[in-house]
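Note sheet for the following structure.
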Amino acid sequence: MFIDQVQDTVILSQANDPYSVFLSEFKSAYHKWNSYHIIINLESIHKLKNEELTELLPFVEQQMEHQKSFVIVSDSISYDDAPSALIIVPTIQEAKDVIEMENIERDLGL
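So the sequence shown is numbered by this note's numbering: it starts at 731 and just counts up by one.
Here it is in structure tokens:
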């Protein structure tokens, strides 16, 4: 797993390992990043099953409780197949934009 931290956001990218290895590493180290906005970069993965994505839902909920964002970057995940609670965007820049918009919404109390 590759880790890139910029201010209050951490971008976690999958190395050449399978998604299951990435997910396991993420789960075991999540406590290090729960105070940051999290971007999960899955650009290198071309097929994910709905069951694999649902394993991220508890972390989405925890991030919401911490008033932080959780965004997944992938241009190959079908939005119809993904759980509605997940925010999936095709690029890192769009993920950063989502975080900025969510910060504004939180500031406004929306």
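Each residue gets a CB set at the ideal place from its N, CA and C atoms; glycine is no exception.
Since the model is a prediction, treat every value here as computed from it, not as a measurement.
*How many angstroms separate the CA atom of residue 797 from the CA atom of residue 831?*
13 Å
*Taking Cβ positions, are residue 776 and residue 738 nearer each other than 7 Å?*
Their beta carbons are not under 7 Å apart, which means residue 776 does not touch residue 738 by this criterion.
*Kindly indicate which three-state DSSP category residue 750 falls into: helix, strand or coil?*
helix
*Between the C-alpha atoms of residue 808 and residue 820, what's the straight-line distance to the nearest angstrom?*
11 Å
*How many Å lie between residue 746 and residue 835 at the Cα?*
36 Å
*Do residue 801 and residue 817 come within 7 Å of each other at the CB atom, strictly closer than that value?*
yes
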